[in-house]
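Peer 1: One structure, pasted below without further comment.
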């Protein structure tokens with residue numbers, strides 16, 4: 146299945162120019178920039194307006210990843226492994242009125258046949274107030290990245306049935322708040338619990354400078370599912386903090402982000418009870434067709450992840466909205482923190498990832 150999917154995507158690369166006139170929006174500029182967050186991933190497709198009230202967008206990806214681990218156990222042997230994954234994403238946007246819209250995002254994994262409604266929401270956009278309700282990603286962590294390989298701090302990604310409100314205080318500052326259905330709680334608590342969070346974002350007039358910070362009340366709700374082995378029960382709720390900054394110009398962009406728990410989970414081992422991570426990236430756009438990026442990231446107490454990791458990435462726009470990307474990352478692990486299946490401690494890792502992306 147993955148081979149067939151790859152051939153279809155490559156066929157699209159060869160014949161992309163024949164399709165441009167049919168699907169491209171005239172105002173969309175040619176760019177090799179990758180999406181940097183779940184919301185940008187959803188909007189990555191060029192889109193096509195089918196009617197006055199319905200538009201569609203799509204994203205097709207083939208990603209291959211190779212890892213090589215350096216071990217330090219009794220055998221001190223090295224291990225390597227690789228995997229290839231193909232995914233399809235389809236977005237439907239319904240314009241219900243001038244201020245109200247509905248959006249659905251479907252994802253399909255070619256390898257496993259697994260499909261999911263990634264997001265489904267109803268939104269309202271007023272003069273200063275905006276609302277979103279449904280199954281969506283809460284604004285806890287933007288996860289800025291110019292790499293195929295997501296940053297370590299993606300452990301804080303959180304999706305669920307939520308209501309998000311944002312309010313524009315002035316031209317530069319927005320504040321937001323949200324509530325999300327809770328699956329975790331104290332033993333014996335009744336259902337219907339709601340977790341919450343909020344924060345603010347500052348953006349300069351030309352959006353070349355941005356800064357945002359936010360708080361989330363319950364880190365047990367993240368997709369890392371820290372308390373899954375404990376039936377999602379906790380003795381106390383653990384909140385989290387996220388902050389990110391962006392400085393961008395026409396030819397470069399610098400992003401920095403932090404995400405972490407504010408205290409430890411009583412249920413977890415002390416060496417893994419208070420996870421946090423930080424990511425710094427510098428991207429360079431020398432031409433419309435090329436993007437280069439460098440990353441330095443660090444983490445503490447994040448399961449299975451390196452203590453330090455750094456690397457380079459390159460993206461080539463080989464056709465209209467058809468990107469080919471290549472990552473290399475080198476990770477160094479805390480001593481005796483992560484082991485392989487034979488209990489050999491992992492010292493370091495080489496990771497290479499390649500991705501072919503077709504946006505439409």
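Residue numbers (this note's numbering): 146 to 505.
All C-beta atoms in this analysis are idealised placements derived from N, C-alpha and C, irrespective of residue type, glycine included.
Here the structure is a predicted model, which is why all the values come from computation and not from measurement.
(1) Out of 400, 409, 396, state which residue places its alpha-carbon closest to the alpha-carbon of residue 431.
(2) Look up residue 374 in the DSSP assignment and say whether it is helix, strand or coil.
(3) How about the stretch 313-331 and the stretch 485-498: do they share at least three Cβ pairs that are nearer than 8 Å?
(4) With a threshold of 8 Å on Cβ separation, who are the neighbours of residue 216 within its own chain once the five nearest residues in sequence on each side are excluded?
(5) Over what stretch of residues does the beta strand (DSSP E) that includes residue 226 continue unbroken?
(6) Between the C-alpha atoms of residue 261 and residue 246, what's the straight-line distance to the nearest angstrom?
(7) In the DSSP assignment, find the beta strand (DSSP E) that holds residue 453 and state where it starts and stops.
(8) Kindly indicate which residue of 271, 419, 418, 292 has the alpha-carbon position closest to the one of residue 502.
(9) Helix, strand or coil, according to DSSP, for residue 298 in the structure here?
(10) For residue 411 versus residue 458, is the C-beta spacing smaller than 8 Å?
(11) Report all residues from its chain with a CB closer than 6 Å to the CB of residue 211; omit the five preceding and five following residues, and keep chain order.
(12) Using only the alpha-carbon positions, how far apart do residue 451 and residue 300 sit?
(13) By a C-beta neighbour count over all protein chains shown, 10 Å radius and 16 as the cutoff for buried, is residue 334 buried or exposed?
(14) What does the alpha-carbon distance come out to for the pair residue 365 and residue 460?
(15) Give the DSSP bridge partners of residue 519, in chain order.
(16) Just to confirm, are residue 398 and residue 417 a CB contact at a threshold of 8 Å?
(17) Can you check the stretch 256-342 for any beta strand (DSSP E) of at least 3 residues that lies completely inside it and give the ranges in chain order?
(18) In the stretch 370-453, which residue ranges form an unbroken alpha helix (DSSP H) of at least 4 residues, counting only runs that do not cross its ends?
(19) DSSP on residue 366, reduced to helix/strand/coil?
(20) Going by CA-CA distance only, name the one from 391, 393, 422, 394 that's closest to residue 403.
(21) When burial is assigned at 16 or more other CB atoms within 10 Å of the CB, is residue 376 buried or exposed?
(22) Could you pull the start and end residues of the beta strand (DSSP E) that residue 197 belongs to?
(23) Would you call residue 317 buried or exposed, if buried means 16 or more other Cβ atoms sit within 10 Å of its Cβ?
(24) Could you check how far apart the C-beta atoms of residue 440 and residue 456 are, in whole angstroms? I think they sit under 8 Å.
(25) How would you write the range of the beta strand (DSSP E) that residue 248 sits in, first residue to last?
Peer 2: By the coordinates alone:
(1) Locating residue 431 in the chain shown gives position 286, counting from the first residue. That would be 396, whose Cα lies nearest to the Cα of residue 431.
(2) To locate residue 374, count along the chain shown from 1; it is residue 229. Helix, per DSSP.
(3) no
(4) In the chain shown, residue 216 corresponds to position 71, counting from 1. Result list for residue 216: 222, 223, 224, 485, 489, 490, 491, 492, in chain order.
(5) Counting from 1 along the chain shown, the entry for residue 226 is found at position 81. Run containing residue 226: 224-240, per the beta strand (DSSP E) assignment.
(6) The residue given as residue 261 occupies position 116 in the chain shown. The residue given as residue 246 occupies position 101 in the chain shown. If I take the Cα positions, the gap works out to 21 Å.
(7) Translated into the one-based positions of the chain shown, residue 453 becomes position 308. Looking at the DSSP string, the run of the beta strand (DSSP E) that includes residue 453 is 453-464.
(8) The count along the chain shown starts at 1 and reaches residue 502 at position 357. The residue with the shortest Cα to Cα distance from residue 502 is 292.
(9) Working through the chain shown from its first residue, we reach residue 298 at position 153. Helix, per DSSP.
(10) Start at 1 with the first residue of the chain shown, and residue 411 comes out as number 266. Start at 1 with the first residue of the chain shown, and residue 458 comes out as number 313. No; because the gap between Cβ atoms is not below 8 Å, this pair is not in contact.
(11) As a working mapping, residue 211 is identified with position 66 in the chain shown. Correct list, in chain order: 227, 497.
(12) Within the chain shown, numbered from 1, the residue matching residue 451 stands at position 306. Within the chain shown, numbered from 1, the residue matching residue 300 stands at position 155. Rounded to the nearest angstrom, the two C-alpha atoms are 13 Å apart.
(13) Within the chain shown, the letter at position 189 stands for residue 334. With fewer than 16 other Cβ atoms within 10 Å, it is exposed.
(14) The count along the chain shown starts at 1 and reaches residue 365 at position 220. The count along the chain shown starts at 1 and reaches residue 460 at position 315. If you take the alpha carbons of residue 365 and residue 460, they lie about 35 Å apart.
(15) Limits of the chain in this structure are 146 at one end and 505 at the other, which puts residue 519 out of reach.
(16) Numbered from 1 along the chain shown, position 253 holds the residue referred to as residue 398. Numbered from 1 along the chain shown, position 272 holds the residue referred to as residue 417. Against a cut-off of 8 Å, the Cβ pair of residue 417 and residue 398 comes out as no contact.
(17) 260-270, 274-282, 304-313, 318-326
(18) none
(19) On the chain shown, residue 366 is found 221 positions in, with the first residue counted as 1. Residue state, collapsed to three classes: helix.
(20) Position 258 of the chain shown, counting from 1, holds the residue named residue 403. Out of 391, 393, 422, 394, 422 has the C-alpha closest to the C-alpha of residue 403.
(21) Counting from 1 along the chain shown, the entry for residue 376 is found at position 231. Burial call: exposed.
(22) Taking the first residue of the chain shown as position 1, residue 197 is located at position 52. Per DSSP, residue 197 belongs to no beta strand (DSSP E) and is neither H nor E.
(23) Walking along the chain shown from the start, residue 317 turns up at place 172. Flag for residue 317 reads exposed.
(24) Here residue 440 is taken as the residue at index 295 of the chain shown, counted from 1. Here residue 456 is taken as the residue at index 311 of the chain shown, counted from 1. 6 Å between Cβ atoms; contact.
(25) Mapped onto the chain shown, residue 248 falls at position 103. Here the beta strand (DSSP E) through residue 248 covers 245-254.
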